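J.: All the letters of the sequence shown, read from the start, carry residue numbers 462 to 562 under my numbering.
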Amino acid sequence: MKLKKGDNVKVVIGKDKGKTGKIEQIFPKLNKVLLPDINTYKRHVKARTQNQKSEIITLTKPLPVSNVALLCPKCKQQTRVGYKLTNKEKVRICRKCGAEL
Numbered sequence: 462m463k464l465k466k467g468d469n470v471k472v473v474i475g476k477d478k479g480k481t482g483k484i485e486q487i488f489p490k491l492n493k494v495l496l497p498d499i500n501t502y503k504r505h506v507k508a509r510t511q512n513q514k515s516e517i518i519t520l521t522k523p524l525p526v527s528n529v530a531l532l533c534p535k536c537k538q539q540t541r542v543g544y545k546l547t548n549k550e551k552v553r554i555c556r557k558c559g560a561e562l
């Protein structure tokens, strides 16, 4: 997966199209990322005991990686991730401006 925790991304597809956020958590096996306050859903929770109240909670669900695009910190455009080998280190680069990510 080319995205990492802490990267700024923009939602490209879906109900939250155009919103930006910082990656909070990554699920590599599911190929999904979690963005705070994006892709939120309401869920009605029934009271389990007599003293407890029923309530509506807001859940943030993970988005597929294919629905988000990385934002370059230098050129501020959505871009793809490239790789470059320097001194036996693999470094991520912006495909548009060539800056290191």
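For glycine and all other residues, C-beta sits at the position ideal for the given N, C-alpha and C.
As the structure is a computational prediction, the values presented were derived from the model and not from experiment.
Beta-carbon within less than 6 Å of residue 538's beta-carbon, same chain only, minus the 5 sequence neighbours each way: which residues are those?
T.: The residues are 557.
J.: Could you check the C-alpha separation between residue 496 and residue 551 for me, to the nearest Å?
T.: About 26 Å.
J.: Let me know if residue 500 comes out buried or exposed under the rule of 16 or more other beta-carbons within 10 Å of its beta-carbon.
T.: Buried is the call here.
J.: Looking at residue 484: is its Cβ nearer than 7 Å to the Cβ of residue 494?
T.: In this structure, residue 494 lies closer than 7 Å to residue 484 by Cβ.
J.: Can you list, in chain order, the residues of its chain whose CB lies under 7 Å from that of residue 545, leaving out five sequence neighbours each side?
T.: 552 and 554.
J.: Using the C-alpha atoms, what's the distance from residue 559 back to residue 563?
T.: With the chain represented from 462 up to 562, any question about residue 563 goes unanswered, as that position is not in the structure.
J.: So what does DSSP say about residue 469, is it helix, strand or coil?
T.: Three-state DSSP puts residue 469 in a strand.
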